[in-house]
Amino acid sequence: MVQETYDIVIVGAGPVGLLLSLCMSRWGYKVKHIDNRPVPTATGRADGIQPRSTEILRNLGLKRSIMAYEPAKVYDVAFWDPKGDGSGIGRTGSWPSCPRFIDTRYPFTTLVHQGKIERVFIDEIEKAGTRVERPWTIHGFKNDGANADYPVEVQLKCIDTNVVETVRSKYLFSGEGARSFVREQLGIKIHHKDPIAYVWGVMDGVVRTNFPDIEVSEKGKKAVKPEIHKTNILQTKCTIHSDAGSIMVIPREDNMVRLYVQIASSTDPDWNPRKTATAEEVQQTAKNILKPYWIEWDRVEWYSVYPIGQGIAEKYTLDERVFMGGDACHTHSPKAGQGMNTAFHDALNMAWKIHAVETGFANRSILSTYESERKDIAETLLNFDAKYAALFSKRRPNASEVSASKAVSGNDGEEDEFVKTFKSSCEFTSGYGVAYKPNIFNWDASHPAKSALFNIPNVRLTPGRAFTPTMVTRLADSNFVELEQEVPANGSFRIFIFAGNQNKTQKAITDLAANLEKERSFLSVYRRSDIADVSFFERHHPHSKLFTLSLIYAGAKNELDVDSIPQILRDYHHHLYADDIPDVRVPNAKFAAHEKLGLDAEKGGVVVTRPDSHVACTIQLVEGSGTADALNEYFGSFATKPLGQDSQQSRL
Ligand SMILES: Cc1cc2nc3c(=O)[nH]c(=O)nc-3n(C[C@H](O)[C@H](O)[C@H](O)COP(=O)(O)OP(=O)(O)OC[C@H]3O[C@@H](n4cnc5c(N)ncnc54)[C@H](O)[C@@H]3O)c2cc1C
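Counting from 1, position 253 in the sequence shown corresponds to residue 252 in numbering that gives the first Met the number 0; the numbering is continuous, with no gaps.
Structure representation (structure tokens):
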């Protein structure tokens, strides 16, 4: 019997599986996507979208639908501690969720439950032609290479009917969450980073309270106590430590609030990983911790007690055909709101790399960078989480103990360790601290591409880190636009040619264009097969589906001479820009985008970003062939075909 073939089989429709499925489906791949639950997540589970993830969701065109749920936005985190005189807790400080030193358009955590986020993904995946099939599970798989194009055989079983379907695929991806069948079958071990394990209670609901970090709404007129006549919506994220325990309070959409209560830790004398607690017990703990304030529940929407082991898979793949991501590879406490976010990053990283290989652009060997990049980030996350979780769980010294210790040490005004850890970790937890190490994609001096033009002097971009947000004017329609969002997440590399002063760089731009047109340039070698029929309205891929070029002049919109821009660059008519919008982060800059990125506003420079918007390399813009040669060298270091070094003109 002829077996059905797929480009990828994705097992699991949580955040990691859904984002991967969306990218692959939209980018034209045939996807088989299954999940063993009959229905998607209805309530609860992860809820915090961090700033960099919001940027990614925007780039995928999903942000608007998620924001339509009117999620809570957390800009600030308050710290509450025991007052020391037995009268309960007091507010001891606060800190922005995303401090100003982090350059982001979204300096807040967006709070909306996982089920709603999944819904947005599922709708878009369906529009792209893939349906998540439920309730199906994975029954077996083997990479037997029996079919060279589709080397992996996968057996899938319908849980309702027990029907087993055998398909062949180029890739199998496990996004199964913490209990991964695929991981188990591969015999991949989980390393427990921190021997400490926890049991957490988490509860979503609508509360009434006189706790001060609140916004009061007139909505709830029905009182549960005679003196309470308003529904209180907790508006600030709070970490609360009291003599009665620790709790984290998180505002949510629909007037809800989430409480995280640690129920047990392996450091407890009576540690039991199966310890559980009723909703009433969690509520009572919260009441004790919040004293002298009161809290009552109008409604509990979701409640769960779940154990958390801090673990990381020793491998994310064994053969670069069967991969895993998300919770299947790393688990940790929910306190820093990283689970779903890390899953998103895993999926995007996986998607564009498979795309680079399957389009015939990149050597298969680049797939190894999925594990090296993402595992490194997971290690950092787990180290941070271990420290943060331990500090969170530790009873905080009360005010009298603090003053006693200060009297002994003479160490006044020193910040508490928990607050220090929280503050120093903000960049990482926001997602902007994700810094991939040098490798074939992230240029440094050890990279095989050796042109002297790499790494523009004084540039303020680091290969491996996310591209910095900048505003520019789009010449096509005079709109003020966010440059980093101008190319959607479509699997292409983005080449931003910051062209400085048009009069000064005219020759450099003409030379670059002429060299891009050569038959062995990256743009020509990987040109579209249908190039003769490309629509005039094609915005991003007039020449190749792998690259989008953008040209940004340091100059006012009306002063630029568009006619003198070489045709090959004018083909990107929606990607011609003027750098003429002020930026508060560089208040004295005349050409804010150039100057913020550390680019000379006269000479410009080229910035290449990967399809996930992380910086790949920067290259000086010079007259002659040097800039194009460096681009050819960079892409040639992982491309399947030789690039550069010829003089013939191409058919672009
Ligand atoms: C009960 C619970 C509460 C949580 N609460 C929080 C929280 O409060 N805050 C927070 O940050 N994080 C929380 N998390 C963690 C967070 O949900 C995860 O970090 C995040 O969802 C990871 O995404 P994922 O796609 O890797 O895995 P998951 O979201 O776990 O998705 C895995 C999917 O695969 C399916 N699946 C599993 N095995 C198979 C199989 N063999 N065949 C087919 N389908 C399969 C599952 O049904 C599921 O739909 C919670 C997790 C759980 C389980």
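Backbone N, C-alpha and C fix where the C-beta goes; we use that ideal spot for every residue, glycine too.
Just so it is clear, the structure is predicted and the values come from calculations on it, not from any experiment.
(1) DSSP state of glycine 604, grouped into three classes?
(2) In three-state DSSP terms, what is aspartate 680?
(3) Can you pull the DSSP bridge partners for histidine 191?
(4) Within the continuous alpha helix (DSSP H) that includes glutamine 717, where are the two ends?
(5) Is it buried or exposed for threonine 277, if we count other Cβ within 10 angstroms and need 16 for buried?
(6) What three-state label does DSSP hand aspartate 599 in the structure shown?
(7) Output needed for leucine 655: all residues of its chain with C-beta closer than 8 Å, excluding positions within five of it in sequence on either side, in chain order.
(8) Would you check if the stretch 131 to 141 and the stretch 100 to 115 touch, i.e. whether three or more CB-CB distances between them fall below 8 Å?
(9) Does the stretch 67 to 74 come within contact of the stretch 262 to 274, defined as at least 3 CB pairs closer than 8 Å?
(10) Have a look at aspartate 560 and aspartate 46 and give me their C-alpha separation to the nearest angstrom.
(11) On the DSSP bridge assignment, give the partners of arginine 105 in chain order.
(12) Taking methionine 23 as the reference, give the member of Ile530, Ala388, Met349, Pro447 with the closest Cα.
(13) Assign tryptophan 351 to one of three DSSP states: helix, strand, or coil.
(14) Give me the residue from Ser179, Asp203, Gln113, Gly336 with the minimum Cα distance to serine 96.
(15) Can we count arginine 36 as close to ligand 1, meaning its CB is less than 7 Å from some heavy atom?
(16) Do you know how far the Cα of leucine 155 is from the Cα of threonine 136?
(17) Between which residues of its own chain and serine 404 is the CB-CB distance below 6 Å, once the five residues before and five after are set aside?
(18) In chain order, what residues of the same chain lie with their CB nearer than 8 Å to the CB of tryptophan 94, ignoring the 5 residues before and after it?
(19) Using a threshold of 8 Å, state whether the C-beta atoms of leucine 366 and leucine 185 are closer than that.
(20) Sorted by chain position, which residues of the same chain lie with C-beta nearer than 6 Å to arginine 257's C-beta, five sequence neighbours on each side aside?
(21) Nearest-angstrom Cα distance between leucine 522 and proline 565?
(22) Measuring straight from C-alpha to C-alpha, what distance separates lysine 29 and glutamate 3?
(23) Just to confirm, does methionine 23 get its C-beta within under 7 Å of one of the non-hydrogen atoms of ligand 1?
(24) Between glycine 16 and ligand 1, is the CB less than 7 Å from at least one heavy atom?
(25) Mind the definition here: the stretch 9 to 22 touches the stretch 165 to 180 only if three or more C-beta pairs lie below 8 Å; say whether that holds.
(26) For tyrosine 149, collect the residues of the same chain with a Cβ closer than 7 Å to its Cβ; drop the 5 residues on either side in sequence, then sort them by chain order.
(27) So for proline 81, helix, strand or coil by DSSP?
(28) Among Asn382, Ala342, Lys82, which residue has its Cα nearest to the Cα of leucine 56?
(29) Do the stretch 630 to 647 and the stretch 520 to 536 make contact, defined as three or more Cβ pairs closer than 8 Å?
(30) Can at least three beta-carbon pairs, one atom from the stretch 446 to 464 and one from the stretch 547 to 556, be found at a separation below 8 Å?
(31) Considering only C-alpha positions, which residue in the set Leu19, Glu632, Ile158, His190 is nearest to histidine 354?
(32) Indicate whether the contact test is met: 3 or more Cβ pairs, each with one atom in the stretch 487 to 499 and one in the stretch 537 to 552, closer than 8 Å.
(33) For ligand 1, I want to know if aspartate 326 counts as a neighbour, meaning its beta carbon is within less than 7 Å of at least one of the ligand's heavy atoms.
(34) Are the CB atoms of isoleucine 88 and leucine 17 within a distance shorter than 8 Å?
Once the coordinates are examined:
(1) strand
(2) In the structure as shown, the chain begins at 0 and stops at 651. Residue 680 is therefore absent and cannot be evaluated.
(3) Gly310.
(4) The chain is shown only over 0 to 651; residue 717 falls outside these bounds and no answer can be derived.
(5) exposed
(6) strand
(7) Absent from the structure is residue 655, since the part of the chain shown begins at 0 and ends at 651.
(8) no
(9) no
(10) Across the structure, aspartate 560 and aspartate 46 are spaced so that their CA atoms are roughly 48 Å apart.
(11) A small fix is needed here, since residue 105 is tyrosine in this sequence, not arginine. Looking at the DSSP assignment, tyrosine 105 forms no beta bridge with any residue, so it has no partner.
(12) Met349
(13) helix
(14) Gly336
(15) yes
(16) 6 Å
(17) Per-residue confidence for serine 404 stands at a pLDDT of 44, beneath the threshold of 50, marking its modelled position as unreliable; no derived number is given.
(18) Asp75, Val76, Phe78, Val418, Phe421, Lys422, Cys425
(19) no
(20) Asp203, Ile249, Arg251
(21) 15 Å
(22) 11 Å
(23) no
(24) yes
(25) Taking a cut-off of 8 Å on C-beta distances, the stretch 9 to 22 touches the stretch 165 to 180, as three or more cross pairs fall below it.
(26) Thr4, Arg167, Ser168, Lys169
(27) DSSP places proline 81 in the strand class (E or B) of the three-state scheme.
(28) Sorting Asn382, Ala342, Lys82 by C-alpha distance to the C-alpha of leucine 56 places Ala342 at the top.
(29) A contact exists between the stretch 630 to 647 and the stretch 520 to 536.
(30) no
(31) Leu19
(32) yes
(33) yes
(34) Their beta carbons are not under 8 Å apart, which means leucine 17 does not touch isoleucine 88 by this criterion.
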